[in-house]
Structure formats: structure tokens, C-alpha cells
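Since the structure comes first, as C-alpha cells, the remarks are kept for the end.
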Amino acid sequence: MTTPMVSSNLLGAIGGVPRPDVDVVVDARDVNKWFGRLHVLKDVCIQVKRQETVVVIGPSGSGKTTLIRCINHLEKIQGGRIFVNGHLIGYREAGDKKKLVEDKEKNIAAQRQEIGMVFQRFNLFPHMTAIENIIEAPIHVRGMSHDEAMVMGRALLERVGLAVKENVYPNQLSGGQQQRIAIARALAMKPALMLFDEPTSALDPEMIGEVLEVMKELAREGMTMIVVSHEMGFAREVANRVVMMDDGVVVEEGTPDQVFSSPIQERTKAFLSKIL
Amino acid sequence: MSALRNRGIRPALLVGCLFLLALSVAGCSSGKAQSFNFKPDIFLQDLNPTSQGVLGALYVTIVISVVAQALGVALGVLAALGKMARILPFRVIANVYIWFFRGTPLLVQLVFFYFGFGAAHIWGWDDITIFGFFIPGALQAAMVILGVNEGAYMAEIIRAGILAVDPGQTEAAKSLGMTYRLTMTRIVLPQAARVIIPPLGNEFNNMLKTTSLIFVLGVVETYNHYVILQGLNYRPFEAYAACALWFLLLTTIWGFIQSRIELRFARGTATGSSAAQGPGWRARIFGGGPQVDEIGALGGH
């Protein structure tokens, strides 16, 4: 598998322009979450500024995946607040005590349009071709015309180096190709924020490079990204910040250099010694 | 059934053997003076599709089956979604509906909702004319009651189909900003259809035969046509043999159509190349191979 030709601007393909009006895209404050009795997120605070790429690392079960799933409300939270572009995600505050009440399904769906997500297992729609996967949400959620969506979809396929796969079903694509289509599908909604949930963990080693290449391109173009990943090379190259989580707590955060080369916390040192 | 199939005995062969056995037993026990009383000319006359009323009766059987099955699928989708709803009253309504219609005999439902409701002045089943089609009350009742009954069974099949879709699909749809309705209609149900189609085909096979019960409402469909016919010519063997053959033809044709539909729905799926094709129409009609019931077992009842 060759590295895709990501020659020109990924965001240019969809005419996405970074919105300068809000500087902080993600603002999570004191987020608490339980799965039954298991306390998976404990007073987690995290901020992501516009055009920033944040890589979240940590051992399995540390809550890093749960955290980014909370950001687009695929998981409920029991305490704290998560704001994206200044909007409270998934809930509204009711009464004088500002208790959290889950928002209407329609409002949550509208909020999710602004947040792209890429999954570990790709989750492409198997009954649709590559291009149909990409244009599905722009047409049915955004109300874009079919012709307009096709133009945008083809441009996106071109940018992830899969223009020739336009009419191919996902089961005929390699893992790396599927994940690139999945990224294109998320970008087609012109999100303000992209969440990546271990995007290369389910891939064969020779396919990891092609997916990371697309993500690097995206980061360079100024997309705001939160990436749960153990790809240290990727983190060093493009991350503005690395966040280390363990046992539902943010243990340490800083530039890739600080965290990888001279970690302060013992738990970070122990974790890095195992994966490096 | 599966035990028999595993030993390689084909159902059609088995039925054939049993039939021959019954004939020979009947021949021996009544061997005094009475010979086998069968008049081929009357049988052929009964079977003849051009003889009066046969095609009309078949038409009624097919129309009622199609309408009732369509209604059953629609109600089945609603009941399946209701059963999985987060809102308690929806779950209760769906569960009570399924509980009642699966828990009482169809024959009782037919007479209760037609004669019972009529007599109690709840619903009179008046004859109506829609778009120039005259639809007698009994025909309406037949289609509605069969359809509502079928919906209770379809609900379980459709629920199994929806549950068979990877939860990651729902999450992907949600993360793209799709509402529940869009997620269901565009992403989940089309994928569930692949699992639902084979047992749905079996349900329709059943429906074609089950329509014979509506003779109690006085609707002249295929079975009732032959009941009336044997009452006129006093030849029940010939009449009912012809009746059985007509039903066999209907279900055979359907088996052929069904295998074509299943092939078409297998496209673009992970198992599309071989596994989802299921048994061919020959295997479906004549049996053979343990794979026949695998998918059907999902919604078996």
C-alpha cells in the first residue's frame, strides 16, 4: 500500500474555514462519569483551543476513549459540564440549582453535526458505496443537494487518495482504505472539531502510515483535533499537547517533548517505559 | 425436522412415502368389495383454472396474503421499535399487543373481531368502496385481522434483525448528526433487512396457507371455493386434492421468488458472496442440507 497522495488542502476540498469567533473549542470542566459503580472519569478538566491537536495517551481502562465519547454525547455524564464552541453538550441546565437535564434528541443531533468522529473499527455503512457513505449525512442531515454533495464527496475522496474507489463497497476495501473513507465521511459535515478514537489500533502495521498521513495533513491545515492514540511518532510530529490519563484522572499534560522526554509523574514514566 | 434432515431424509420424499403408505393401508383395510373411489375426470375438472370461480378464489387468496403481510410488516416494525423504546408506555403497548396476538388462536381472533365486534356494536365491518374497488366487510376483516396477527410475529423477527446490526453503525450515524428516525430508516433498518428477509419469506409462505382459515368469515378464497364445490358434487377427495395442489403451486412459485429476493439483498455486504445467499429454491422446496433453518430459527415461532 502506497502513501496516499495528499497533495493539496484537505479542508480546502470542502471549503471549511476555521471559525475564529471562539478561541476555545472544547472546554470540559470537572467531568464525572460512572459505569454502574465504576467511576471512570474523575473530575476531568480539559481544554482544546482552535486549531490545536491534542493527543490523549494512557493505559487501557484509563477513561481516554470514554472522555472523547462524552464530548459528542455518545456517553452520558453524571457531573460537570462539557462545552463545544461555547455550547453545553448533551444537556441543559434546569432550575435555580442548574441541575443537568438531558437535552432533546433533536438538539443533541444538531450539536453532533459540528463534531466529527472517527472510530477504531471504522464503522462505515456496509450497504453503501464509498461515495454514498460520504454524501449520506450532508444530503440527509444538512439538506445539501445531491449534485453538490457528489462534487464535495469526490473532492474528499481525491484528498484521501481514494478517488478510484468511489463506487466500491466497504467490504472490498482494506482497513486503511476504510479508515480514510471514514475520515472523509466525518469531514464531509464540515465539523469544527474532529475526535479520533484509536484510529489506527485495528489496522495492520503497513496500513497505519497512510491513515496517519491523512491525519497529519489535517492537523497542519488547522483542524482542531483530539486523538486517542499510542502513535508516539504522530504525537511528536503534530501534537500541540499530550494528555496522559490514568484511572479516570488527567495525570499530566504538556508538549510532546515535555511528556515523552522528561515526564514529571511516576505513572507517566511507568506507562511510557512500557510502550516506548 | 433438523434431525431428519441431518440423516439426509428429504421432507418431500418422506411425505411421498407416507402418502403411499396411507394409500396401501386404506386399500387393504377396505378390501372387501369397495375399490379405490377416484374419478380422474372430476379431479381434472375441479383443478381446471378455467372452470368457474377457481381463478377468482386464487386471486382473493393472493390479495389477502399480500395485504395482510404488508400490514404485518408495518405493524411489526412499529412493535419492534416500541419494544425497544426508552419510553415505558411504548414498551407496554408493544408487549401487550405481541402477548395477546401470539397468545390466542388466530381462528378465535377472526371470529371474535368479526362476529363478536359486530354483534357488540363495537365495529360493524361495513362494506366499503375505495377507488372504485368494492371491498366487503368480511374481506376487510380478513385482511386486517390476519395482518394484525402477523404483526405480532413479525415484531420478534424485526427486533432480532435490528439487534443483529452492529451498535457501531448507530454510533457512526449519531456522530454524523443523524436523528433517531434517520438512523433507523437510512442505516439500521436497511441492514436489518438482510437478516429479516429470509424469515419474512417463510412468514409469507405461512400466510398463503393460513388464509384458508378465513373461510369462517364466509370469504370465498381457494379453500372455501373447494369446500363449496365438494358440497355440490359430493366428491371431497377430488376437490381437496385439487385445493392442496393449488396451494402447493402458490408456495412453490413463492419459494422461487424468495430465493431471488434473498440473492439481491446480499449485495455489498460482508457475507454477500456466499453465506447470505441461503438455500436455493430447489433446496427450499425439496429440503436437503441443514442450512435451511439457520436463519429462519432467528424468528421461529
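From first to last, the protein sequence lines stand for chains R and V. So in our numbering, spot 268 of the first sequence is number 429, and the numbers just go up one at a time. So in our numbering, spot 139 of the second sequence is number 763, and the numbers just go up one at a time. Glycine residues also receive a C-beta, built at the ideal position from the N, C-alpha and C atoms.
- Within chain R, Glu297 and His301 have C-beta atoms less than 8 angstroms from the C-beta of Arg810/V, given in sequence order.
- Of all residues in the stretch 813-834 of chain V, only Pro814 and Gln815 come within less than 7 angstroms of chain R when Cβ atoms are compared, listed by chain position.
- For Gln854/V, no chain R residue has a C-beta closer than 9 angstroms to its own C-beta; the minimum C-beta separation is roughly 50 angstroms.
- Cα atoms of Ser689/V and Asn829/V: separation of roughly 9 angstroms, rounded to the nearest angstrom.
- Close CB contacts of Ile344/R within its chain, under the 7 angstroms cut and outside five residues either way in sequence, are with Val279, Val321 and Val375 (chain order).
- Taking 8 angstroms as the threshold, the shortest C-beta distance from Ala796/V to chain R falls below it.
- From the listed residues Arg273/R, Val201/R and Pro287/R, the smallest Cα separation to Leu813/V is found for Pro287/R.
- Here Glu236/R is near Thr227/R, since their CB atoms are less than 8 angstroms apart.
- Annotation: the stretch 703-786 of chain V contains the following complete segments of the beta strand (DSSP E) (minimum length 3 residues), in chain order: 752-754 and 757-759.
- For Met767/V, there are no C-beta contacts with chain R under 8 angstroms, since the nearest C-beta of that chain is about 32 angstroms from it.
- The three-state reading of DSSP puts Glu795/V in helix, counting H, G and I together.
- For Ala189/R, the enclosing beta strand (DSSP E) begins and ends at Val185 to Phe196.
- In this structure Leu841/V touches Leu734/V by the C-beta definition: roughly 6 angstroms separates them, less than 8 angstroms.
- Close to chain V, meaning a Cβ-Cβ distance shorter than 7 angstroms, are the following residues of the stretch 253-271 of chain R: Glu266, Lys267, Ala270 and Ala271.
- Under the Cβ criterion of 8 angstroms, Gly792/V is counted among the residues facing chain R.
- Under the Cβ criterion of 8 angstroms, Leu705/V is not counted among the residues facing chain R.
- Leu637/V counts as exposed, since fewer than 16 other beta carbons sit within 10 angstroms of its beta carbon.
- For Lys203/R, the enclosing beta strand (DSSP E) starts and ends at Leu199 to Lys210.
- Going by DSSP, Met393/R is part of the alpha helix (DSSP H) stretching over Met393 to Val399.
- A straight line joining the alpha-carbon of Ile243/R with that of Val691/V spans about 50 angstroms.
- Here Ala646/V is exposed. Its C-beta has fewer than 16 other C-beta atoms within 10 Å.
- The beta carbon of Ala816/V lies closer than 8 angstroms to those of Ile782, Gly785, Ile786, Ala788 and Val789 in the same chain, with the five residues before and after it left out.
- Linking Leu800/V to Leu348/R through their CA atoms gives a straight-line distance of about 10 angstroms.
- Between the beta-carbon of Ile292/R and that of Leu318/R there is about 7 angstroms, and that keeps the pair under the 8 angstroms contact cut.
- For His248/R, same chain residues with a beta-carbon under 7 angstroms away, outside a window of 5 residues either side, are Gln272 in chain order.
- Pairing Gln854/V with Ala865/V gives a Cβ-Cβ distance that is not under 8 angstroms.
- Going by C-alpha positions, Phe421/R is about 16 angstroms away from Val389/R.
- Looking at the DSSP output, His248/R sits in a beta bridge with Val245/R.
- Annotated three-state conformation of Phe421/R is helix, per DSSP.
- Apart from sequence neighbours up to five positions away, the residues of its chain that approach Val684/V with a beta-carbon distance below 6 angstroms are Glu845, ordered along the chain.
- Listed as beta-bridge partners of Gly240/R by DSSP are Asn193/R.
- Taken in chain order, the complete alpha helix (DSSP H) segments of 4 or more residues contained in the stretch 669-708 of chain V are 678-707.
- In this structure, the alpha-carbon of Val411/R lies about 55 angstroms from that of Ala694/V.
- Under the criterion of beta carbons closer than 8 angstroms, Val185/R and Lys210/R qualify as touching, at roughly 6 angstroms.
- Between the stretch 216-232 of chain R and the stretch 393-409 of chain R there are three or more C-beta pairs closer than 8 angstroms, enough to call the two in contact.
- Residue pairing of Leu837/V in beta bridges, as defined by DSSP: absent, with no partner found.
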